[in-house]
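What follows is a short report on a single structure.
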Amino acid sequence: MPVDPTLQMMLDNAANAGRDAGRRDVVESRAGYELVARLGGEAPPLASVHDRSIPGPAGDLPIRVYTPLGEGPFGVIVFFHGGGFTIGSLDSHDPIGRRLAAETPAVVVSVDYRLAPEHPFPAATDDAYAATAWVSEHAEELGADRNRLAVAGDSAGGNLAAVTAIEARDRSSFPIAFQLLVYPTVDSKMGFPSIKENGQVGFLTEDTMTWFLEQYGAGQTHDWRASPIDHADLSALPPALIITAEYDPLRDEGEAYGRRLSDAGVDATVSRYDGMTHVFFQMYGILEAARTATDEGITALRKAFAAVG
Numbered sequence: 001m002p003v004d005p006t007l008q009m010m011l012d013n014a015a016n017a018g019r020d021a022g023r024r025d026v027v028e029s030r031a032g033y034e035l036v037a038r039l040g041g042e043a044p045p046l047a048s049v050h051d052r053s054i055p056g057p058a059g060d061l062p063i064r065v066y067t068p069l070g071e072g073p074f075g076v077i078v079f080f081h082g083g084g085f086t087i088g089s090l091d092s093h094d095p096i097g098r099r100l101a102a103e104t105p106a107v108v109v110s111v112d113y114r115l116a117p118e119h120p121f122p123a124a125t126d127d128a129y130a131a132t133a134w135v136s137e138h139a140e141e142l143g144a145d146r147n148r149l150a151v152a153g154d155s156a157g158g159n160l161a162a163v164t165a166i167e168a169r170d171r172s173s174f175p176i177a178f179q180l181l182v183y184p185t186v187d188s189k190m191g192f193p194s195i196k197e198n199g200q201v202g203f204l205t206e207d208t209m210t211w212f213l214e215q216y217g218a219g220q221t222h223d224w225r226a227s228p229i230d231h232a233d234l235s236a237l238p239p240a241l242i243i244t245a246e247y248d249p250l251r252d253e254g255e256a257y258g259r260r261l262s263d264a265g266v267d268a269t270v271s272r273y274d275g276m277t278h279v280f281f282q283m284y285g286i287l288e289a290a291r292t293a294t295d296e297g298i299t300a301l302r303k304a305f306a307a308v309g
């Protein structure tokens, strides 16, 4: 099917405004990306939302904690925002954190990991693992159950969620019940066909993706954390839901990662949203597909938490 009409209109407006398809200024890109939060829809009611810092690998690590209404202990979702490891923040994905917390319901801990180019690979992965370990250790303090812990993220955040799940298994450090990966970046080699096929279609272009990975330094390493799809062993990982978009350059690598998980015996579901482009998941307020995808993710999280008991 063609690109969704609402998305196409936004893409046309961006093109008419002279949107740069790549090689952008970091400060400009960060400021522009924050505006996407306006498309996240009305904020649902919560018991509390508060910012704090926790110990990180390189000093204080900011997080935002969303606590749902009702009585816990709740499941807990550690969320990593997207943005090519270079842009994005607690605010850019605030609507997602609020909705996951309210409707799962679960405590959501959104992590403000260090960004490139100031902090290249593997700073983000180090922060992601450290934050998840802290949440597991302090779950009771958060009103959560450490055995019902999920990792989640979109795009670069999907990479961080996937990497954290693998690291937790490899280190036998803490249980993870589920991973919600929304159009994850799992192949820093950019070797799948959709990179070219959809490289000039949506908000994320091939050139922009190249620029992101250059800032992050992922292309200069053979470390599997830059390309979790290349990890030699993807068995014994948590169940996963991988959401992809038809017109996303990252579509094929996300779907291939799902197949690799399934081949390794992991309960992995891949759900492609036709007519959608990268970033659609953040547009809950204007796209029915974003609402459907969010509901699908929440249903999967509920099921995973219920299975733990």
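Heads up, the sequence shown is in full-length UniProt numbering, so the first residue is 1 and it goes up one at a time.
Quick reminder that beta carbons are idealized off the backbone N, C-alpha and C, glycines included.
Since residue i and residue j are thought to touch, with beta carbons under 8 Å apart, how far apart are those beta carbons, to the nearest angstrom?
i: residue 310; j: Ala-131; result: This structure gives no information on residue 310, because the portion of the chain shown stretches from 1 to 309.
i: Gly-297; j: Leu-115; result: The pair is not a contact, with the Cβ atoms about 24 Å apart (cut-off 8 Å).
i: His-81; j: Gly-158; result: About 10 Å separates the two Cβ atoms, so there is no contact after all.
i: Leu-73; j: Asp-12; result: According to the sequence displayed, residue 73 carries Pro and not Leu. Actually they are not in contact, since the Cβ atoms of Pro-73 and Asp-12 sit about 48 Å apart, beyond 8 Å.
i: Val-186; j: Ser-227; result: 6 Å
i: residue 321; j: Pro-249; result: The requested residue 321 is not part of the displayed model; the chain covers only 1 to 309.
i: Arg-260; j: Leu-241; result: 15 Å between Cβ atoms; not a contact.
i: Ala-14; j: Asp-94; result: That belief does not hold up - the Cβ atoms of Ala-14 and Asp-94 are roughly 22 Å apart, past 8 Å.
i: Ala-293; j: Ile-229; result: About 22 Å; that fails the 8 Å criterion.
i: Gly-153; j: Phe-85; result: The pair is not a contact, with the Cβ atoms about 11 Å apart (cut-off 8 Å).
i: Leu-160; j: Ala-128; result: 4 Å
i: Tyr-51; j: Arg-30; result: The residue asked about is misnamed: residue 51 is Asp in this sequence, not Tyr. In fact, because the Cβ distance is near 18 Å, the residues do not count as touching under 8 Å.
i: Thr-277; j: Leu-90; result: Incorrect: roughly 24 Å between the Cβ atoms, too far for contact.
i: Gly-275; j: Met-1; result: 5 Å
i: Tyr-33; j: Ile-87; result: 5 Å
i: Glu-255; j: Arg-272; result: 7 Å
From the DSSP secondary-structure annotation, give me the bridge partner or partners of residue i.
i: His-50; result: Val-65
i: Phe-79; result: Ser-110, Ala-152
i: Ser-271; result: Ile-243
i: Gly-59; result: Gly-56
i: Ala-144; result: Phe-74
i: Phe-178; result: Ala-150
Determine whether the Cβ of residue i lies closer than 9 Å to any Cβ atom of chain B.
i: Glu-214; result: Absent from the structure: chain B. Only one protein chain is present.
If we count the other Cβ atoms within 10 Å of its Cβ and call it buried at 16 or more, is residue i buried or exposed?
i: Met-190; result: buried
i: Met-9; result: exposed
i: Arg-24; result: buried
i: Glu-253; result: buried
i: Glu-118; result: exposed
i: Thr-104; result: buried
i: Asp-170; result: exposed
i: Ala-139; result: buried
i: Ser-172; result: exposed
i: Pro-193; result: exposed
i: Leu-35; result: exposed
i: Glu-246; result: buried
i: Pro-184; result: buried
i: Val-27; result: exposed
i: Ser-48; result: exposed
i: residue 310; result: The requested residue 310 does not occur in the structure, where the chain is confined to residues 1 to 309.
i: Ala-300; result: buried
i: Asn-265; result: The question names Asn, yet the displayed sequence has Gly at residue 265. By the neighbour-count rule (16 or more Cβ atoms within 10 Å), Gly-265 is not buried but exposed.
Apart from the five residues on each side of it in sequence, which residues of its chain come closer than 8 Å, Cβ to Cβ, to residue i?
i: Leu-46; result: Tyr-66, Thr-67, Pro-68, Leu-69, Arg-98, Ala-101, Ala-102
i: Pro-120; result: Gln-215, Tyr-216, Gly-217
i: Gly-143; result: Thr-67, Gly-72, Pro-73, Phe-74, Val-107
i: Ala-21; result: Residue placement at Ala-21 is poorly supported in this model, since its pLDDT is 43, which falls under 50; the coordinates are not used for a value here.
i: Arg-302; result: Thr-104
i: Gly-258; result: Ala-240, Ile-242, Ala-268, Thr-269, Val-270
Please list, in chain order, all residues of the same chain as residue i whose beta carbon is under 6 Å from its beta carbon, the five residues on each side excluded.
i: Leu-213; result: Ser-188, Gly-219
i: Pro-62; result: Ser-53, Asp-112
i: Asp-60; result: Ser-53
i: Arg-148; result: Gly-75, Ala-177, Phe-305, Val-308
i: Gly-285; result: Leu-39, Gly-40, Gly-41
i: Glu-167; result: Tyr-129
i: Met-283; result: Leu-39, Ala-290
i: Val-182; result: Asp-154, Gly-158, Ile-243, Phe-281
i: Thr-210; result: none
Within a Cβ cutoff of 7 Å, which residues of the same chain sit near residue i, ignoring the five residues on either side of it in sequence?
i: Ala-165; result: Val-151, Ile-176, Gln-179, Leu-237, Pro-238
i: Pro-57; result: Asp-126, Asp-127, Ala-130
i: Asp-267; result: Pro-239
i: His-231; result: Ile-166, Trp-224
i: Ala-133; result: Ser-173, Phe-174
i: Thr-221; result: Phe-121
i: Ser-136; result: Arg-146, Leu-149, Phe-174
Give, in chain order, every unbroken run of the beta strand (DSSP E) that is at least 3 residues long and sits entirely within the segment 187-261. 240-245
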